[in-house]
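Peer 1: Okay, here's the structure, questions in a sec.
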Amino acid sequence: MKPYKVFLRLEAVEALRAIPSAESGRIARFIDSLTGDPFQDGDYAEKDETERGIEVKVIGQYAITFWADHAVDEVKVVDIRRADRQ
0 MKPYKVFLRL EAVEALRAIP SAESGRIARF IDSLTGDPFQ DGDYAEKDET ERGIEVKVIG
60 QYAITFWADH AVDEVKVVDI RRADRQ
């Protein structure tokens, strides 16, 4: 299987920049791991506004929301937020 490309929404990039470096490093490593294993499950699943299934992975105090678009070999990271906030 060829590596998937990972895309982050601008808001997710901005959120990642605001996270302290120790925790942002763990999050960045997880996001990078999606290139080689895009079938990873999150800690739980939700549906977005279009009813698409999305995965939510909790790392430390943060929730990373993503979904894999297997038709085009891409993973979309759509949100990074404090896990205790909606």
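Under numbering that gives the first Met the number 0, the sequence shown has 78 at position 79, and the numbering climbs by one with no breaks. Glycine is no exception: its CB is placed at the ideal position from the N, C-alpha and C atoms. These numbers come from a predicted model, not from an experiment.
#1: Give me the Cα-Cα distance between ALA82 and VAL57, rounded to the nearest whole angstrom.
#2: With which residues is ILE26 paired in a DSSP beta bridge?
#3: Between TRP66 and ARG51, how many whole angstroms is the CB-CB distance? I'm expecting something under 8 Å.
#4: Applying the 10 Å Cβ sphere with the 16-neighbour rule, what's the burial state of ALA21?
#5: Answer yes or no: do LEU33 and SER23 have a C-beta to C-beta separation smaller than 8 Å?
Peer 2: On the basis of the data shown:
#1: 7 Å
#2: In DSSP, ILE26 forms no bridge with anything.
#3: 6 Å
#4: exposed
#5: no
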